[in-house]
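**Q** Could you have a look at this structure, given as structure tokens, before my questions?
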Amino acid sequence: MPVPFLKKFRLLFASLFFLLLIISFLDFRYVIPETWFTVIHYIQFAPSFLKFMETPALVATGFIVVIALTVFTGRSYCSFLCPLGIYQDIMSRIGGKYKRKFSRFSFSTPYTILRYSILAVTLIVMLSGSIFLVSLLDPYSIFGRFMTYFFEPVIIVVNNLLAKIFALFHNYAVFRVDIIKIPLVIYILPVIFLSLIGYLSFTRGRLYCNTVCPVGTLLGLLSKVSIFRISINHASCTHCGRCAANCKASCIDFIKEDVDVSRCVTCFNCLEVCPDNAISYGLPHNIFKPVTIDEIDNGKRRFIAGSVVAIASATGLIKAQNQSPAVKGAPVPTRESTVKENRTYAVCPPGGVSLGHFNDYCTACSLCVNVCPENVIVPSFREYGLSGIMQPRMDYHKSFCNYECTRCTDVCPTGALLPLTLEAKKLTQIGKVHFIKDNCIVQTEKTECGACSEHCPTKAVYMVPFEGNLVIPETNDKICIGCGACEYACPTVPFKAIFVDGNSVHQDAEKPKIEELNVKELKEFPF
Amino acid sequence: MKRRDFLRKSVSAGLVAGAAYSVGGYDKLWAAGVPQAFPDLVAIKGGEPDSMFDKGMSALGGMTNFVKRGQIVVIKPNMAWDRTPEMGANTNPVLVKRIVEHCLKAGAKRVYVFDNSTHNRVKAYKNSGIEKAAKSAGATLVPGDAESYYQEVSVPGGISLKTTKVHELLFESDVFINVPVLKHHSSTKMTCSLKNLMGAVWDRKWWHSNDLHQCIADFGLFEKKPALNIVDCYNVMMRNGPQGVSVADVVNMKAQIISTDMVAADSAASRMLGMEPAQIDHIPIADQMGVGVMDLTKIEIKRISM
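Next comes the structure, spelled out in structure tokens:
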């Protein structure tokens, strides 16, 4: 392959793929069909691996493709497919505008112990049953959270401004969308993460990828045996150092004419800058040359360790700042409800099988939060315990699950939510309804309400005669699917008069019984 | 021009241009140009939604009695639910389409259609079939699912409901047409003209916790009253309302009620569900508050069988 082609191909491919990923995360009008998400998000390493562990099926083979790609071509995933990697390249490129080109990067020794420790700890924690560190460090999930909790709301603000302008011209093709109200820390945490990683790449290129990212480290190990790799032709190399100065992975030691393939992300920048055509991508010239590890820069290592500590303490902070679930802005009834809802389990989205299953496979990438047209899926705090932080749950104070929708189950890239047909979803009980009569408007105010029954799609909540002309809710949890429409609709505050308690293991609901009506047609006007 | 100024101007323009419709009651509406010969309520049965509407409107002297050339019309059907037309949860799309056609034929400058959907707005607009039908007739579908579309207004004379947030389209339009679908309703036993207006406001959760029936009746006093109430009784949901569990809840009644009086329309409609108007609390309350007439013997009804 001609040399300039490789880098241009990467730029083109990565830009398009990155754009595609971004668009899929910005679909706040919910126009992208579910199957497209499956295709677009197919090849993300960590989610796909988990999905395969859950169900070894064709849709979950993305990580195998990545492994094969790595064995053949090196860490192409990191440059071509990883959204966080592409983001870092963009930041690094911007950083390059502010730095003198030739002293931009230089070879540095890898933080070998640190990066393998992070990978080992992540794997050990995962094998011991907690996916927490994978969620925290998986580049795809980090990117997903940023897009969902920060970038999409920003785009919606812009959209809403546009919608106002459009409306002045009687055009409603652009319409206003309400921004989901989530606690400030949920906005801020992904921003901190991305800013930190962005700053690192701005100044230091792919330092995060080659030190912290467990996916990068794992693929780095694999790429040590990669067939195609960057190598330096000793005969033509003049040791000008341009390659090293342009290597954002800091993996080219031009003095020794050596490339650390475990850190090389096959960006092909070196190919383009080499004036002597001494660098090639292909079968290695020096495949058997032993890799030497020089002294390790402790200062850098301390910096990275400091970052990790900062990240860890930030997560601790979130737990401490866990907020009350009261909804702001909604008009309140005259009298406050008094009986606290007695919840045993959080409700995880349909397709989650059980809380155990869901918590084991979810990396909190937040794609389900993003694609949910009802905005009922929200990131959790301590509802699943600290290790489940940011894993999505159903918040029925904010919205309710659409009876006719299976989007979250269709798009989940990790297998935490398994696909459900619409028929199956309509009979999957993710929680059970509980009625608290002493909170109910009909009981306390002696006025009509029935909002819960109105919203119930199966009539698991139905109205029975009460005092005088009034009717009051009654529930049948056999046909309840736990969609939360009743809880959402219930106007009482601070406690709801009707709520859904999560099922720790999702159950099968019974089908609503259908009886024939006596009336068949209108014979005469009854007035 | 600022949005707020724009709205204010629209409101005042609307009030001046459509004074007869917006500030008067149904009786003043008659005085504004419609000869007394027309009935207060027209009930049609045995046809299709569109042909029944044609018949009904000719009994009321045609749409030109309600929509003048150059006016802006807003139609408020019930398209609150992510349900298909045969479920009877939303207003029949064929009817909405024909109403739009009548308005445009009468010279309306623009026809808007909107609802504050209970289910997901995009899905409800689409699966109700109304979006496609109304657009094909030339109407503009306006979203109602973001709070910023709603303006706080006062409800003069309201007992429980003093203020509420109303969709801005009501202020931007000269003629307001209410097109409910008749259904059983778990909260209020029945939903029809008065109850359908809960889809024109934002803060209905507050209504639910502050004497729902009184709030529904109170909103009947809001200055922007429907010039026409067209009750779709084609597919009538007899139980499990307002969204229905299956098509077995629906009776194909093939009927329609058209009236300028919301209370009269609802009073007649309640009988179709096999109830007495007084059983639905907001009907007698609205009657007493002067929103309209509940006693059907006091109004002139024209019954048409097709």
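So the protein lines, in turn, are chains L and Y.
For the first sequence, the working numbering assigns the number 1 to the initial residue and increments by one for each residue that follows.
For the second sequence, the working numbering assigns the number 1 to the initial residue and increments by one for each residue that follows.
The beta carbon of each residue, even a glycine, is placed where N, CA and C say it ideally should be.
With 16 other CB atoms within 10 Å as the buried threshold, where does R382/L fall?
**A** Here R382/L is exposed. Its C-beta has fewer than 16 other C-beta atoms within 10 Å.
**Q** If you drop the 5 nearest sequence neighbours on each side, which residues of the same chain put their C-beta closer than 6 Å to that of L137/L?
**A** P214
**Q** Could you tell me the alpha carbon to alpha carbon distance between A227/Y and D477/L, rounded to whole angstroms?
**A** 44 Å
**Q** Under the DSSP definition of a beta bridge, which residues are partnered with M237/Y?
**A** Answer is K183/Y, V250/Y.
**Q** Is the beta carbon of D82/Y closer than 8 Å to that of E404/L?
**A** yes
**Q** Please give the ranges of any alpha helix (DSSP H) in the region 81-159 of chain Y, keeping only runs that are unbroken, at least 4 residues long and fully inside the region.
**A** 93-105, 121-127, 130-137
**Q** Our contact map puts T338/L next to N439/L with C-beta atoms below 8 Å; I'd like the distance itself, whole angstroms only.
**A** 7 Å
**Q** Identify the residues that DSSP records as bridge partners of A43/Y: which are they?
**A** I257/Y, R303/Y
**Q** Answer with buried or exposed for K520/L, where buried requires no fewer than 16 other C-beta atoms within 10 angstroms of its C-beta.
**A** exposed
**Q** Looking only at its chain, what residues have a beta carbon closer than 7 Å to the beta carbon of I44/Y, apart from the 5 residues adjacent to it on each side?
**A** M52, K55, G56, A255, Q256, I304, M306
**Q** Can you tell me where the alpha helix (DSSP H) holding M463/L begins and where it ends?
**A** That residue, M463/L, is in no alpha helix (DSSP H); its beta strand (DSSP E) goes 461-465.
**Q** Using DSSP with H/G/I as helix, E/B as strand and the rest coil, what is I514/L?
**A** coil
**Q** Does any C-beta atom of chain L lie closer than 8 Å to the C-beta of F211/Y?
**A** For clarity, residue 211/Y is Asp in the given sequence; the question names Phe instead. Interface residue, yes.
**Q** Name, please, each residue of chain Y whose Cβ falls closer than 7 Å to the Cβ of E272/L.
**A** Neighbours of E272/L on chain Y: none; closest Cβ ~46 Å, over 7 Å.
**Q** Between the Cα of S193/Y and those of V251/Y, W202/Y, K109/Y, I280/Y, spot the shortest distance and give me the residue it belongs to.
**A** I280/Y
**Q** Is it right to say L12/L is buried, meaning 16 or more other beta carbons lie within 10 angstroms of its own, or is it exposed?
**A** exposed
**Q** Strictly under 8 Å for the Cβ-Cβ distance: is D410/L near chain Y by that measure?
**A** no
**Q** Report, in whole angstroms, the separation of the C-beta atoms of T61/L and F52/L, which I expect to be a contact under 8 Å.
**A** The Cβ separation is near 7 Å, so the contact holds.
**Q** Could you give the DSSP three-state label for N342/L: helix, strand or coil?
**A** coil
**Q** What's the gap between the Cα of Q88/L and the Cα of F169/L?
**A** Approximately 41 Å between the Cα atoms of the pair.
**Q** Tell me, which residues are paired with L228/Y by DSSP?
**A** I177/Y
**Q** Counting only beta-carbon separations shorter than 8 Å, does F435/L have a partner in chain Y?
**A** no
**Q** Identify the contact partners of E516/L in chain Y, using a Cβ-Cβ distance below 8 Å as the criterion.
**A** Chain Y residues near E516/L: A248.
**Q** Checking contacts by CB at 8 Å: is N159/L closer than that to chain Y?
**A** Judged by the 8 Å Cβ criterion, N159/L is not in contact with chain Y.
**Q** Can you give me the Cβ contacts of I534/L inside the same chain, cut-off strictly under 7 Å, excluding the 5 residues immediately before and after it?
**A** The question about residue 534/L has no answer here: the residues shown for chain L are numbered 1 through 527.
**Q** Would L170/Y and V74/Y be called neighbours here (beta carbons separated by less than 8 Å)?
**A** yes
**Q** Ignoring anything shorter than 3 residues or poking outside the region 192-272 of chain L, list the beta strand (DSSP E) runs there in chain order.
**A** 229-232
**Q** Please determine, among N65/Y, T91/Y, N127/Y, P156/Y, the residue with the shortest C-alpha to C-alpha distance to K105/Y.
**A** When only C-alpha atoms are compared, the closest one is N65/Y.
**Q** Compare the Cα-Cα distances from K523/L to each of V251/Y, P242/Y, K126/Y and report the closest residue.
**A** V251/Y
**Q** For chain L, is any of its Cβ atoms less than 8 Å away from the one on V245/Y?
**A** yes
**Q** Mind listing the chain Y neighbours of D253/L? Cutoff is C-beta to C-beta under 8 Å, in chain order.
**A** Chain Y residues near D253/L: none, gap ~56 Å exceeds 8 Å.
**Q** Would H357/L and I430/L be called neighbours here (beta carbons separated by less than 8 Å)?
**A** no
**Q** Bridge partners of S58/Y, per DSSP?
**A** Note: S58/Y sits in no beta bridge, so no partner.
**Q** Based on the DSSP output, what are the partners of K189/Y in its beta bridges?
**A** Its beta-bridge partners are H185/Y.
**Q** Thinking just about the alpha-carbon of each residue, which of S79/L, K437/L, S48/L is nearest to the one in K248/L?
**A** S79/L
**Q** Ordered along the chain, which non-local residues of its own chain (more than five positions away) have a Cβ less than 7 Å from that of L221/Y?
**A** V155, P156, G157, G158, M289, V291
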